[in-house]
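Engineer:
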Amino acid sequence: DSTEVDAVNLVKLSDESVTQEVTFEQQDNQLWIPSDALNVDFDFNLQVIYDHYKPFLVHMMLPSIMENHALKRQGQKVEFVSTQQEQASSAEPNEVDTTKYYAENPGEVWATKKFKVYGDTEFTQEQAQSMEVGEVFNVSEIQY
1 DSTEVDAVNL VKLSDESVTQ EVTFEQQDNQ LWIPSDALNV DFDFNLQVIY DHYKPFLVHM
61 MLPSIMENHA LKRQGQKVEF VSTQQEQASS AEPNEVDTTK YYAENPGEVW ATKKFKVYGD
121 TEFTQEQAQS MEVGEVFNVS EIQY
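Going by full-length UniProt numbering, the letters in the sequence shown line up with residues 1 to 144, in that order.
1. Just the C-alpha distance for Val8 and Phe123, rounded to the nearest angstrom, thanks.
2. Thinking C-alpha only, which one of Trp110, Ala128, Thr98, Thr23 is nearest Phe137?
3. How many Å lie between Phe24 and Tyr53 at the Cα?
4. Report buried or exposed for Val40, applying the criterion of at least 16 other Cβ atoms within 10 angstroms of its Cβ.
5. Cβ atoms of Val139 and Gln129: under 8 Å apart, would you say?
6. Pull up the distance between the alpha-carbon of Leu10 and that of Tyr50, whole angstroms please.
7. Alpha carbon to alpha carbon, how far is Ala103 from Leu31?
8. Taking the beta carbon of Lys77 as the centre, do at least 16 other beta carbons fall within 10 Å, making it buried, or is it exposed?
9. Which residue's Cα is closest to the Cα of Leu13: Asp6, Val58, Glu4?
10. With a threshold of 16 other CB atoms inside 10 Å of the CB of Gln47, please say whether the residue is buried or exposed.
11. DSSP three-state label for Gln20, please.
12. If you reduce the DSSP assignment to three classes, tell me which class Lys113 lands in.
13. Measure from the alpha carbon of Phe56 to the alpha carbon of each residue in Glu135, Gln143, Gln27, then state which is nearest.
14. Using DSSP's beta-bridge definition, name the partner residues of Gln9.
15. Does the Cβ of Phe42 have 16 or more other Cβ atoms within 10 Å, making it buried, or fewer, making it exposed?
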């Protein structure tokens with residue numbers, strides 16, 4: 001059982017609105033992308049589109065047999081956490097930033113991350129399906 005790949009895109013890091021489709025060949029379980037197609041002026045991850053619409057973002061690049069090929073790679077992220085700062089902030093009540101949420105029904109939205117679907121507002125009745133990245137769906141109502 002093999003999966004048919006429909007497209008391969010270069011997706012700019014931190015800005016998924018910038019994409020560039022690249023040519024590729026699929027042989028057995030391997031994708032072959034021409035080296036010249038990877039010469040772009042932005043850092044990127046590969047996005048593979050399969051089953052006509054399902055996107056999959058590849059966060060890993062394996063070494064190439066090319067000796068002098070400079071491949072753009074995902075930058076590293078390092079976070080330093082201060083325990084003193086955590087103790088000071090834990091004394092204050094947690095406030096919710098309401099600007100991050102819809103106040104009115106937008107009608108249609110698309111998923112920026114894969115997530116599970118629940119049948120209730122308490123997130124206890126998990127449904128069998130999940131939403132994939134890029135999948136557009138209708139919002140029937142907003143409940144508080």
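Ideal Cβ placement from N, Cα and C applies to all residues, glycine included.
Structural biologist: Looking at the atomic coordinates:
1. Each residue's Cα considered, the two are about 35 Å apart.
2. Of Trp110, Ala128, Thr98, Thr23, the residue nearest in Cα terms is Trp110.
3. Each residue's alpha carbon lies about 17 Å from the other.
4. By the Cβ-count criterion, Val40 is exposed, with fewer than 16 other Cβ atoms from all chains shown falling within 10 Å of its own Cβ.
5. Gln129 places its beta carbon 8 Å or farther from that of Val139.
6. If you take the alpha carbons of Leu10 and Tyr50, they lie about 15 Å apart.
7. The alpha-carbon atoms of Ala103 and Leu31 are separated by roughly 44 Å.
8. Note that Lys77 scores 48 on pLDDT, short of 50, meaning its location in the model is unreliable; the coordinates nonetheless yield the value given after this. So Lys77 counts as exposed.
9. Per the Cα distances, Val58.
10. Per the 10 Å Cβ criterion, buried.
11. Under the three-state reduction of DSSP output, Gln20 falls in the strand class.
12. The answer is coil: DSSP assigns Lys113 none of H, G, I, E or B.
13. Of Glu135, Gln143, Gln27, the residue nearest in Cα terms is Glu135.
14. Correcting the residue identity first, residue 9 is Asn in this sequence and not Gln. Asn9 pairs with Glu21, Gln47.
15. Counting every other CB atom within 10 Å of its CB across the protein chains shown gives Phe42 a total below 16, marking it as exposed.
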